[in-house]
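Visitor:
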Amino acid sequence: MKQAKETPVCVHIRWMIRRDMPSVLAIEQNCFEFAWTEEDFIRCLRQRNCIGMVAEKDDEIVGFMIYELHKNRLHILNFAVHPDQRRHGVGNSMCSKLFGKLSHERRNRIMLEVRETNLDAQLFFKNLGFRAISVLRDFYDDTVEDAYLMQYRYHPSASEIAQPGNRISRMAG
0 MKQAKETPVC VHIRWMIRRD MPSVLAIEQN CFEFAWTEED FIRCLRQRNC
50 IGMVAEKDDE IVGFMIYELH KNRLHILNFA VHPDQRRHGV GNSMCSKLFG
100 KLSHERRNRI MLEVRETNLD AQLFFKNLGF RAISVLRDFY DDTVEDAYLM
150 QYRYHPSASE IAQPGNRISR MAG
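Taking numbering that gives the first Met the number 0, the leading residue of the sequence shown gets 0, the next gets one more, and so forth.
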């Protein structure tokens, strides 16, 4: 199946703030049958290891991502792009920001779950290099639907492997 060509747009990726919640909720409700509530977002983002980011285009929020930081991985909990802004590079921009947080020394993979019926998301993540590594039976509380556990593994360049130390010390040095 051939996908439509993306027309890149200029988006600004930044941390999510409380004032973003109405736009984030509107996108969430527009994208998902079983949408998170405002309380779900707030409960999640109050966790010390949870981070929210938004994508802005022309001062309007067009996408968001919620992810968790773990010792050796990042875990995407929620991710959506407004349907009118899909296939324009918004999702790629947010994922690229996340890929930039990976290293071979610490967090070297990104994990996420995708509903078995969400073929668009499966194909999007597959095209970015994610692979389904297992099926999670009856994963969701709201349905008996299964999920695919998908993983992206970081592959360092030869020069990164040859130069031990963190990225900041390499940049400063």
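C-beta: ideal position from N, C-alpha, C; glycine also. This structure is a prediction, so every number in the text was calculated from the model and none was measured.
How about Tyr151 and Leu127: are their beta carbons less than 8 Å apart?
Guide: Their beta carbons are under 8 Å apart, which means Tyr151 touches Leu127 by this criterion.
Visitor: Return the bridge partner residues of Arg13 from the DSSP annotation.
Guide: Val53
Visitor: Beta-carbon separation of Met110 and Val53 under 8 Å?
Guide: With a cutoff of 8 Å on beta-carbon distance, Met110 and Val53 are scored as not near each other.
Visitor: Buried or exposed, going by whether 16 or more other CB atoms sit within 10 Å of the CB of Asn77?
Guide: Buried, because 16 or more other Cβ atoms sit within 10 Å of the Cβ of Asn77.
Visitor: Starting from the C-beta of His81, find all residues in its chain whose C-beta is less than 6 Å away, skip the five residues before and the five after it, and write them out in chain order.
Guide: Ile26, Val61
Visitor: Would you report the Cα separation of Gly88 and Asp19, rounded to the nearest angstrom?
Guide: 21 Å
Visitor: Which residues does DSSP pair with Ile65 in a beta bridge?
Guide: Gly51, Asn77
Visitor: Can you tell me whether Ala34 is helix, strand or coil according to DSSP?
Guide: coil
Visitor: Select from Ile65, Asp83, Tyr147 the residue whose C-alpha is nearest the C-alpha of Ile75.
Guide: Ile65
Visitor: So, at 6 Å on beta carbons, what are the nonlocal neighbours of Val23 in its own chain, with the 5 sequence-adjacent residues on each side left out?
Guide: Phe63
Visitor: For Ser133, report the span of its beta strand (DSSP E) as first-last.
Guide: Annotation: the continuous beta strand (DSSP E) that includes Ser133 extends over 130–135.
Visitor: Do Asp137 and Glu115 have their beta-carbon atoms positioned less than 8 Å apart in this structure?
Guide: no
Visitor: Here's a check: name, in chain order, each residue in its chain whose Cβ is nearer than 8 Å to the Cβ of Arg72, leaving out the five neighbours to either side.
Guide: Arg106, Asn107, Arg108, Ile109, Met110
Visitor: By Cβ distance, which residues of its chain are closer than 7 Å to Cys94, with the 5 residues on each side in sequence left out?
Guide: Leu127
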